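Below you'll find the structure, written out as structure tokens, and then a few comments.
In this note's numbering, the protein residues as written are 19 to 437.
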């Protein structure tokens, strides 16, 4: 893995503190063994098929299509292979002290990078640390309310390239913002993408974060979303995942202040030979905290989905309310979905529950629609749309709902055409 060596990390440009951080992360990465399916967190995954020798870090700026998001953002940053290609920020945000742009351009950049991820690092967050070219920072100061979404787009390009998008969102005390984080890659190129997102919500802050993943069919993604939620703060973190050959997202949400609240949502839809993989951790470390997780997915063709989740309630987290629900629709006999919820409770004064289902389209619902003249294919489309509606309606950045619904419609059309 000479392409991912400390010398390769040292060759990337940046201030000395960032270069030193990259080299240290690369040294940690090369010293550790590759994960395998013997580890519980990689169970059911195809991690043994990943050959890092096929990839090399790339920061060249290939062509990046302008995403059609139908949103009027208050700020927008576009990156290609982790390098910034455009930054556009409303003057009002600048005047309010909001930073949207390169992390290294902020005076506190060195302190902010890794401040959330440090407590949940793994093999691939180390790799991201070593080769993230230009981390992006969104920082909203205390008391500032941003009334329109901030949009960050990441595109990965180039055959056998490896890209490492990095986003840090910090919401100050009693501040509020919504962020749309959009990921794409070249449609047919074999690419590795390892995105890392750090979400830090200070006391009484409010953050809505939406990740829309539309990677190309040959892309592997191994990503992490790491969050810390302070006292009386609220995080709504959502994902809509459609693309990738194998796309994995690890979601760690730590509720560290009394009264912290987290809503965790995901919609995922796999087809053909895709595998979409989610590992979630709801970590209650403070009293009177609440988390609600709702992940819904559909699998068709010969695709697979994996969900494993853990609610952990620490000894000092009395008054915790934590809920975890994963529901999956099998749209073909050859599709497969794995769902494994877990609880780890170290305090008696809690309310916690988990639920999971894997099932085909409900025959009674389909018959009801067919008996009223709805063709079978249209009946299934309506049922799947209804299945996902609860998630879409609860997601932040409401203006992105149309795009997500269009993604579901396109998936269903391809499945119908392939039948």
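Glycine included, C-beta positions come from ideal geometry on N, C-alpha and C. If you're wondering where the values come from, they're calculated on a predicted model, not measured in any experiment.
Here residue 386 is exposed: its Cβ has fewer than 16 other Cβ atoms, across all protein chains shown, within 10 Å. If the five residues before and after residue 85 are omitted, its C-beta is found closer than 6 Å to the C-beta atoms of 171 and 200, all from its own chain and listed in chain order. Annotation: residue 302 is outside any alpha helix (DSSP H); the continuous beta strand (DSSP E) that includes it extends over 293-302. Under DSSP, residue 106 forms a beta bridge with 94.
Beta-bridge partners assigned by DSSP to residue 287: 316.
Sixteen is the threshold: since fewer than 16 other Cβ atoms of the shown chains lie within 10 Å of the Cβ of residue 35, the residue is exposed. With contacts defined by Cβ atoms closer than 8 Å, residue 152 and residue 73 do not form a contacting pair. At the C-beta level, residue 426 and residue 401 stay beyond 8 Å of one another.
In the assembly as shown, residue 229 is a buried residue. Its beta-carbon has 16 or more other beta-carbons within 10 Å. Beta-bridge partners assigned by DSSP to residue 363: 331. Under the criterion of beta carbons closer than 8 Å, residue 189 and residue 223 qualify as touching, at roughly 4 Å. In the structure shown, the three-state DSSP call for residue 347 is strand. In this structure the segment 271-285 does not lie against the segment 355-375, because fewer than three pairs of beta carbons, one per stretch, are closer than 8 Å.
Taking residue 413 as reference, the option from 377, 312 and 348 with the minimal CA-CA separation is 312.
The C-beta distance from residue 251 to residue 243 rounds to 16 Å, too long to meet the 8 Å contact threshold. Per DSSP, the unbroken beta strand (DSSP E) holding residue 198 starts and ends at 194-203. Apart from sequence neighbours up to five positions away, the residues of its chain that approach residue 53 with a beta-carbon distance below 7 Å are 60, 65 and 141, ordered along the chain.
Taking a contact as a CB-CB distance under 8 Å, the pair residue 318 and residue 294 does not count as one, their CB atoms being some 12 Å apart. Here residue 240 carries a strand assignment [DSSP, helix/strand/coil].
If the five residues before and after residue 356 are omitted, its C-beta is found closer than 6 Å to the C-beta atoms of 62 and 324, all from its own chain and listed in chain order.
The C-alpha of residue 292 is placed about 39 Å away from the C-alpha of residue 193.
One thing to note: residue 236 has its Cβ no nearer than 8 Å to the Cβ of residue 259. Counting only unbroken stretches of 3 or more residues, the beta strand (DSSP E) elements lying wholly within the segment 115-189 are 117-120, 154-158, 168-174, 179-181 and 184-189, in sequence order. Excluding the 5 residues flanking it on each side, residue 75 has same chain C-beta neighbours closer than 6 Å at 149 and 180, in chain order. When beta bridges are read from the DSSP output, residue 74 appears opposite 179.
Contact between the segment 85-103 and the segment 39-48 is absent: fewer than three C-beta pairs spanning the two stretches fall below 8 Å.
Just so you know, the alpha carbons of residue 263 and residue 354 end up roughly 15 Å apart. Inter-residue distance for residue 218 and residue 383 is about 42 Å (C-alpha atoms, whole angstroms). Going by DSSP, residue 250 is part of no beta strand (DSSP E) at all; its letter is neither H nor E. For residue 24, the enclosing alpha helix (DSSP H) has its first and last residue at 24-28.
Nearest to residue 79 by C-alpha distance, out of 225, 329, 411 and 204, is 204.
Annotated as distal: residue 290 and residue 272, with beta-carbon spacing of 8 Å or more. DSSP, read as helix, strand or coil, puts residue 56 in coil. Among the bridge pairs identified by DSSP, residue 310 is matched with 281 and 341.
DSSP places residue 266 outside any alpha helix (DSSP H); the residue lies instead in the beta strand (DSSP E), whose first and last residues are 264-273.
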